[in-house]
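Residue numbers (my numbering), protein chains in the order written: chain H, 645 to 845; chain R, 168 to 253. All residues carry an ideal CB built from backbone N, CA and C; glycine is no exception. Contents: one structure, followed by commentary.
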Amino acid sequence: MPIKPMLFFGYDIIMSFISSFVAFIVGYQAYRAHTITRKKSFLALELGFIFTGIGLLADSILSYAAILSRVSHFLGIGYLAYFISTIIGYALILGSYIIDRVMVEEAVPAIVPIMRYGALSESILLVLIGVVAIQSMINLLMDRSLNKFLISIAFASIFLSHLCFMIQALAFASLLVIGHILRFIGFMMFAVSIIRVVKTG
Amino acid sequence: MKPYRSRLKIILDILTAINEESGKISKILLYANLSYDRLMKYLKELLEKELIEEKMGEYKLTEKGYKFLEELKRAEKLAEAFGFRF
């Protein structure tokens with residue numbers, strides 16, 4: 645039985661909101677690491693997660709505003725903010741790996757949210773996060789640890805979520821729900837990993 | 168070929184040695200795996216930054232040094248999780 649995205653609307657806002665909070669925590673931990681080490685890769689990671697968090701937060705707040713005000717334009721603006729902010733965020737996260745490897749020697753109708761996840765925009769995000777996911781998998785294969793595993797699963801889940809968002813824009817609307825759940829799982833993996841990092845010492 | 172060890176990693180090893188082992192030079196040398204001259208250079212720098220203090224030939228972490236070590240350990244864990252070099 646296919647999942648009806650209409651029934652899911654509202655939960656996606658909550659999941660986006662929690663995910664943005666997790667993204668800000670990861671950004672904050674990267675900021676602390678940058679302050680102490682002065683490594684540019686941490687700075688790029690920090691900014692990457694902050695931009696990703698801003699995108700998710702803007703999307704959730706504006707979607708909520710659309711429900712309250714019944715002004716559907718908020719959904720479009722929210723997705724635009726999400727897309728721009730996320731593309732910058734992913735580019736910065738990808739940049740953090742490049743810096744590390746190369747540069748340093750050292751109640752709105754449910755149809756609306758379905759339409760707003762565009763195939764082209766999601767495919768751009770898919771490519772960016774795909775490269776990051778592959779890089780994290782390579783890191784895991786080279787030196788296995790639980791934290792690396794969690795980060796790899798997180799990026800892989802987010803990659804799959806964008807794949808779902810992209811496909812659902814063309815067909816299979818149910819994938820919107822699965823995409824949101826996968827993205828949420830991804831950010832929860834970041835949360836678990838960050839809790840493990842913070843507990844160090 | 169010996170794996171490359173960054174300056175940060177060396178400082179982390181020295182501070183960990185002082186914190187977990189005794190603060191005697193011989194123990195730090197063993198733990199940090201450095202030559203005597205290089206270790207003394209690092210210790211001098213850490214003393215200047217008030218991260219460690221010397222009492223009767225033994226080194227101890229200061230409050231500032233202990234906090235720095237904790238932050239450095241977290242940064243190392245984060246770098247390890249994301250697969251960054253540290």
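- Note on H:Leu-814: under 16 other CB atoms within 10 angstroms of its CB, so exposed under the neighbour-count rule.
- For H:Leu-769, no chain R residue has a C-beta closer than 7 Å to its own C-beta; the minimum C-beta separation is roughly 19 Å.
- By the beta-carbon neighbour count (other beta carbons within 10 angstroms, threshold 16), H:Ala-763 is exposed.
- In the structure shown, the three-state DSSP call for R:Tyr-226 is strand.
- For H:Lys-843, there is no enclosing alpha helix (DSSP H), as DSSP gives it neither H nor E.
- In the three-state reduction of the DSSP assignment, H:Glu-766 falls in the helix class, which pools H, G and I.
- The beta carbon of R:Glu-220 lies closer than 6 Å to those of Lys-227, Thr-229 in the same chain, with the five residues before and after it left out.
- Here the C-alpha atom of R:Asp-180 lies approximately 22 Å from the C-alpha atom of R:Met-223.
- In the DSSP annotation of this structure, R:Glu-188 is not part of any alpha helix (DSSP H), being labelled neither H nor E.
- Within the region 699–718 of chain H, not one residue has a Cβ closer than 9 Å to any Cβ of chain R.
- Residue pairing from DSSP places R:Glu-221 in a beta bridge opposite R:Tyr-226.
- H:His-824 counts as buried, since no fewer than 16 other beta carbons sit within 10 angstroms of its beta carbon.
- Per DSSP, reduced to three states, the secondary structure at R:Tyr-171 is coil, with no helix or strand assignment.
- Within the region 175–198 of chain R, those residues whose Cβ lies closer than 7 Å to any Cβ of chain H are, in chain order, Leu-175.
- What H:Ala-688 touches in chain R, judged by beta-carbon distance under 8 Å, is nothing: the nearest beta carbon there is about 10 Å away.
- Identification of chain H residues near R:Gly-250 by a Cβ-Cβ cut-off of 9 Å yields Tyr-741, Asp-744, Gln-779, Ser-780, Ile-782, Asn-783, Leu-784, Met-786, Asp-787, Lys-792, Ile-795, Ser-796, ordered along the chain.
- Boundaries of the alpha helix (DSSP H) around H:Asn-791: 790–814.
- Excluding the 5 residues flanking it on each side, H:Leu-807 has same chain C-beta neighbours closer than 7 Å at Leu-770, in chain order.
- Neighbours of H:Ser-837 in chain R, taken as residues whose beta carbon is under 7 Å from its own, are Ala-248 in chain order.
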